[in-house]
Amino acid sequence: MTAKTNVAPDEARPPHIVLALTEPGRAMTELASFYALTPLMGMLPRGDGHGVLVLPGFMASDFSTAPLRRLLAKLGYDAVGWNLGRNVRVDNARIEAMMACVDELHARTGGKVSIVGWSLGGVFARELAKLAPEKVRQVISLGSPISDDRNHTNARRLFEYLNGHEPEPIRNGNFRELAKAPPVPTTSILTKADGVVHWRGSVQDCDHDQCENIEVFASHCGLGVNPAAVYAIADRLAQEEGKWRKFQPRGIANIAFPRTRLH
83 MTAKTNVAPD EARPPHIVLA LTEPGRAMTE LASFYALTPL MGMLPRGDGH
133 GVLVLPGFMA SDFSTAPLRR LLAKLGYDAV GWNLGRNVRV DNARIEAMMA
183 CVDELHARTG GKVSIVGWSL GGVFARELAK LAPEKVRQVI SLGSPISDDR
233 NHTNARRLFE YLNGHEPEPI RNGNFRELAK APPVPTTSIL TKADGVVHWR
283 GSVQDCDHDQ CENIEVFASH CGLGVNPAAV YAIADRLAQE EGKWRKFQPR
333 GIANIAFPRT RLH
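This is the structure we're talking about:
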């Protein structure tokens with residue numbers, strides 16, 4: 083299983099152990115910053131009411147995405163979790179259940195839905211958009227391991243212990259070429275300080291003009307509440323349907339986004 087990536091397969095490696103060990107402390111700082119800046123968060127771009135499905139990361143549940151979903155709801159979106167418990171198993175039943183989430187939100191809101199996925203949730207978000215692009219408005223992934231080479235993540239052994247080397251969807255021909263963006267506007271938000279997924283494993287191949295990678299200063303476990311990442315999410319979701327443009331932070335927000343080369 084190989085996909086086009088920005089590094090040779092033999093260079094794929096998980097993040098440095100120091101980054102992994104400091105994840106909890108950094109994530110707590112980001113959560114505290116999120117709540118401290120709550121009054122300012124209300125000044126983020128308002129939504130148009132369209133549905134936003136938020137998917138949790140590996141081993142996480144809707145509890146982890148609750149702060150982000152509450153904020154998105156305040157900004158005017160119909161933001162929902164997946165209501166499927168912890169994100170552990172990758173099998174056909176789970177894919178069908180997530181597709182049902184997309185179908186239900188699409189039917190209830192009467193329009194295309196956006197999908198925001200954190201870590202493994204972002205992998206799911208992208209693959210759901212590939213399966214049903216006619217129902218998906220855009221995809222945003224946060225620190226997601228969008229490479230078929232799992233050596234980019236230090237969660238590989240646990241993932242394969244729980245799901246096997248080739249999970250059921252892969253055996254059925256899905257979940258291949260993960261780095262290839264789905265055929266809808268797609269944003270990958272990543273951090274070079276990620277302690278779970280090496281940032282190179284989150285860089286997507288952009289073979290159409292509605293695809294981008296955005297770097298932020300963040301931890302992996304704090305991405306869903308990191309103020310810069312949240313700013314980018316709100317900016318992306320607020321775009322009018324059919325008028326997607328690449329991300330360009332404005333004013334003082336520029337200092338929160340590195341301008342390094344992602345290769």
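So in my numbering, the last one in the sequence shown is 345, and the numbering has no gaps at all. Idealized CB from N, CA, C, for every residue including glycine. Note that the structure is a prediction, hence the values are computed from the model and not measured.
- request: Specify the secondary structure class of residue 166 as computed by DSSP and reduced to three states.
  value: coil
task: Below 8 Å on the Cβ atoms is my guess for residue 154 versus residue 148; work out the distance and round it to an integer in Å.
output: Actually they do not touch by this definition, with Cβ atoms about 11 Å apart.
task: Could you name the residues of the same chain whose beta carbon sits closer than 6 Å to that of residue 232, not counting the 5 residues immediately before and after it, in chain order?
output: 238
field: Burial state of residue 108, where buried means 16 or more other Cβ atoms lie within 10 Å
entry: buried
- request: Have a look at residue 216 and residue 264 and give me their C-alpha separation to the nearest angstrom.
  value: 11 Å
query: Taking DSSP as the reference, what is the three-state secondary structure of residue 137?
result: strand
Own chain residues within Cβ distance below 7 Å of residue 363, not counting five before or after: Residue 363 cannot be examined here, being either before or after the span of the chain that is shown, 83 to 345.
query: Can you tell me whether DSSP reads residue 158 as helix, strand or coil?
result: coil
message: Is any non-hydrogen atom of the ligand ZN found closer than 7 Å to the C-beta of residue 295, if you look at the structure I gave you?
response: Of ligands this structure carries none, so the ligand ZN is not represented either.
query: Among the residues of its own chain, which have a CB less than 7 Å from the CB of residue 295, if the five just before and after it don't count?
result: 270, 272, 285, 286 and 344
message: If you reduce the DSSP assignment to three classes, tell me which class residue 199 lands in.
response: strand
message: Can you give me the C-alpha to C-alpha distance between residue 277 and residue 190, rounded to a whole angstrom?
response: 38 Å
message: My output table needs one value for residue 344: the three-state DSSP class, helix, strand or coil.
response: coil
field: Beta carbon of residue 163 nearer than 8 Å to that of residue 144
entry: yes
query: When the distance is taken between beta carbons, is residue 245 closer than 8 Å to residue 174?
result: no
- prompt: Hey, out of 113, 320, 132 and 258, whose CA is closest to residue 192's CA?
  reply: 132
field: From 116, 167, 279 and 159, residue whose alpha carbon lies closest to that of residue 101
entry: 279
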